[in-house]
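Working notes, structure below.
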Amino acid sequence: AIPISALQGDGMADIAILIEQLKAEKQKRENDASNTLEIEPFAGFSNSDKKPLQIAVIGRQNVGKSTLVNTLLGNDRVLTGPTPGLTRDAIAVEWTWEDEVVQLVDTAGIRKLTKRMDDSIEDMSVADALRAMKLAEVAVLVLDAEAMYIQRQELALCNAVITEGRALVIAANKMDLLEMSDEYTPQDFADGVREQIESRLPILRKIPIVPMSCLTGEGVPDLLPTLVDARNRWSRTFPTGVLNRWLREVVTGAPPPVVEGVRAKLKYIIQTKGRPPTFIIFSNVAELPETYLRYLTKQFQDSFQLFGMPVRLMVQKSAKRNPYAGDKRRRGGFGLGGRDARIQRRNEELRKKRQRKESSS
């Protein structure tokens, strides 16, 4: 034991010396272990080569986010309790689920996204939670099923996830507190929540919802397969040929509208990136009406199963048929450079011929 005084600072130097000694001993043990360890090469990728699936667990206070993390891990990794606001910092836990490396981030409960005048600690907790959501691939929004209705704050979180371009999965927790029967099943509850979300955020139509109870464990095993499937759909890339066949079929079913007196023509579509899926449609107009873009987005989600995530369709006006239209430079003649270059070469030849005559005379 080392006697110390935190107020006076007595004994702190002894603690620092002890920490440095323990650090040096640990480093020596690690170096000895690395020198004696033999690793056999093998084909394929190891778990360290695989990028972990980044999952952020978000939601309001006291909806069961930390309990969900502990249930998934199978041990009490994070602090839980009936008191709201126990979790203050984002806690990342890396583990392996069926050969899939997963990094699970438990975040603080969010009462509102705007800043508070009287609680800077909660502001930092909310900022930490939003930062974890931005770094994640899939966000899990945990709901309190006992509330029966999705709250305004939860809709704001859904909108924040979509704006950031992340995939979203809903986890309806505390289903054990509801009375289920053959006439009203957990799936009926999930369908009701889905309708509430779709009526306010149409981009989230057919969003995956997993009814569960972290206390009893019912429905929790269905969450990880849903998250992996959402990540795979979110990171998909599509061949250009497939995209353009889809575009032709959609345009045939509902031709583009007239924009500023010109009938819009959608020429072709390409994917610029995934994560989130982003596409550019080349057209003869610079913009399309929002109603037609929503129609294209809906058809795209139905065709390629991109539910619960943003689909970014952008319109770009393609070049005219003649790329030199509007060029005021005078062009003409034959040969490289046109008429002006031909005259310049002729003058150069005449100058050289004159110089040869002068030198011979």
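In the working numbering, the protein residues as written are 159 to 519.
No residue lacks a Cβ here, since even glycine has one placed at the ideal position from N, Cα and C.
In this text the structure is predicted, and so the values were computed from the model without any measurement.
Exposure label - residue i; buried when at least 16 CB within 10 Å
i: Ser393; result: exposed
i: Asp340; result: exposed
i: Pro413; result: exposed
i: Leu335; result: exposed
i: Lys511; result: exposed
i: Glu312; result: buried
i: Gly399; result: exposed
i: Glu183; result: exposed
i: Gly377; result: buried
i: Asp460; result: exposed
i: Asp264; result: buried
i: Ile320; result: buried
i: Arg497; result: exposed
i: Ala499; result: exposed
i: Ala174; result: exposed
i: Pro435; result: buried
i: Ala171; result: exposed
Own chain residues within Cβ distance below 7 Å of residue i, not counting five before or after
i: Ala285; result: none
i: Tyr450; result: Pro414 and Pro415
i: Phe440; result: Lys425, Tyr426, Gln474 and Ser476
i: Lys332; result: Gly222, Asp302, Ala303, Glu304 and Ser371
i: Gly169; result: Ile160, Pro161, Ile162 and Ser163
i: Glu198; result: Bear in mind that a pLDDT of 41 at Glu198, under 50, signals an unreliable position, so the number given afterwards is only what the model happens to contain. Within the same chain, Glu198 has no close Cβ partners at all.
i: Ser206; result: Residue confidence for Ser206 is low, a pLDDT of 47 falling below 50, so the modelled location carries little weight and cannot support an answer.
Contacts around residue i, its chain only, beta-carbon distance under 8 Å, and the 5 residues preceding and following it disregarded
i: Cys316; result: Leu299, Leu326, Ile355, Leu359 and Leu362
i: Glu322; result: Met291 and Lys292
i: Glu196; result: Because Glu196 carries a pLDDT of 43, less than 50, the predicted location of this residue cannot be relied on, and the following value inherits that uncertainty. None.
i: Thr455; result: Ile361, Val469 and Leu471
i: Leu176; result: Ile160
i: Glu418; result: Val443
i: Gln463; result: Arg391
i: Gln345; result: Pro369
i: Phe203; result: For Phe203, the predicted model reports a pLDDT of 37, less than 50, meaning its position is unreliable; a value from the coordinates is still stated below. Nothing listed; no residue qualifies.
i: Ala318; result: Leu271, Leu288 and Met291
Helix, strand or coil at residue i according to DSSP, with G and I counted as helix
i: Gln166; result: coil
i: Tyr450; result: helix
i: Met472; result: strand
i: Pro369; result: strand
i: Arg421; result: strand
i: Ser339; result: coil
i: Asn233; result: coil
i: Asn331; result: strand
i: Ala214; result: strand
i: Val443; result: coil
i: Phe437; result: strand
i: Lys510; result: helix
i: Gln345; result: helix
i: Ala250; result: strand
i: Ile427; result: strand
i: Ala297; result: strand
Contact belief for residue i with residue j at Cβ below 8 Å, rounded distance in angstroms
i: Ala214; j: Ala290; result: 5 Å
i: Val221; j: Leu301; result: 6 Å
i: Glu258; j: Val368; result: Actually they are not in contact, since the Cβ atoms of Glu258 and Val368 sit about 17 Å apart, beyond 8 Å.
i: Ile122; j: Ala287; result: As shown, the chain starts at 159 and ends at 519. That puts residue 122 outside it, with no answer to give.
i: Arg246; j: Ile279; result: 7 Å
i: Ala330; j: Val351; result: 6 Å
i: Thr229; j: Gly375; result: 6 Å
Contact set for residue i: own chain, Cβ-Cβ below 6 Å, skip 5 residues either direction
i: Pro366; result: Val327, Thr384 and Gly466
i: Val251; result: Arg235 and Leu262
i: Arg452; result: none
i: Thr225; result: Thr238 and Cys372
i: Leu572; result: Because the chain here runs from 159 to 519, residue 572 falls outside it and cannot be looked at.
Of the listed residues the options, nearest to residue i (C-alpha basis)
i: Lys223; options: Gly232, Val236 and Leu211; result: Val236
i: Gln429; options: Leu401, Arg406, Tyr450 and Met370; result: Leu401
i: Gln261; options: Ala294, Pro242, Phe440 and Leu288; result: Ala294
i: Tyr426; options: Ala388, Lys475, Lys456 and Ile175; result: Lys475
i: Ala303; options: Leu373, Lys423 and Asp281; result: Leu373
i: Gly232; options: Arg218, Pro242, Trp255 and Gly217; result: Trp255
i: Leu244; options: Lys515, Leu381 and Ser283; result: Ser283
i: Val296; options: Asp498, Leu508 and Asn390; result: Asn390
i: Thr395; options: Pro468, Met170 and Arg433; result: Arg433
i: Tyr307; options: Ala348, Ile173 and Lys186; result: Ala348
i: Glu445; options: Glu376, Arg421 and Asp247; result: Arg421
i: Gln212; options: Arg218, Arg324 and Lys181; result: Arg324
i: Gln457; options: Ile438, Gln179 and Trp404; result: Trp404
i: Gln219; options: Lys186, Asn505 and Ala266; result: Ala266
i: Trp253; options: Val227, Arg352 and Pro242; result: Val227
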